[in-house]
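Reading through the structure tokens given below for one structure.
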Amino acid sequence: MTAVDDTAATTRQPTALSFRYQVAPTLAGSPAPLIAISLLNGFHSSYPISLYLVAAAIISVIAVGLAKETSGTSLHTVDAEAADR
7 MTAVDDTAAT TRQPTALSFR YQVAPTLAGS PAPLIAISLL NGFHSSYPIS LYLVAAAIIS
67 VIAVGLAKET SGTSLHTVDA EAADR
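Structure (structure tokens):
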């Protein structure tokens with residue numbers, strides 16, 4: 007799942023969202039089975055795979071927690087801030 011970025015100018019939001027929707031699963035999800043197989047072969051146990059998944063979940067929770075909340079923000083304000091940058 008990808009997060010929708012409301013901090014980008016409204017003219018760029020569809021492009022940014024489409025890019026993230028297409029690229030994020032490929033970059034984030036593709037190595038996961040390879041990492042799991044490597045951990046299983048290296049440790050001969052599923053416990054390291056569990057730790058890997060817990061670490062990935064913790065990183066996701068931290069990223070969501072650090073994301074800027076934009077509910078209630080006018081899109082006109084977002085566009086004005088983007089134009090100032």
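When we follow this note's numbering, the leftmost residue of the sequence shown carries the number 7, and every step to the right adds one. Ideal placement from N, C-alpha and C gives every residue a C-beta, glycine not left out. Computed from a predicted structure; not experimentally measured.
Between the C-alpha atoms of Ala89 and Leu59 there is a straight-line separation of about 40 Å. Just measuring C-alpha positions, the residue of Pro31, Ser80, Pro54, Ala34 sitting nearest Ala42 is Pro54.
For the set Leu46, Ala62, Leu23, the Cα lying nearest the Cα of Gly35 is the one of Ala62. The three-state reading of DSSP puts Ser52 in coil, since its state is none of H, G, I, E or B.
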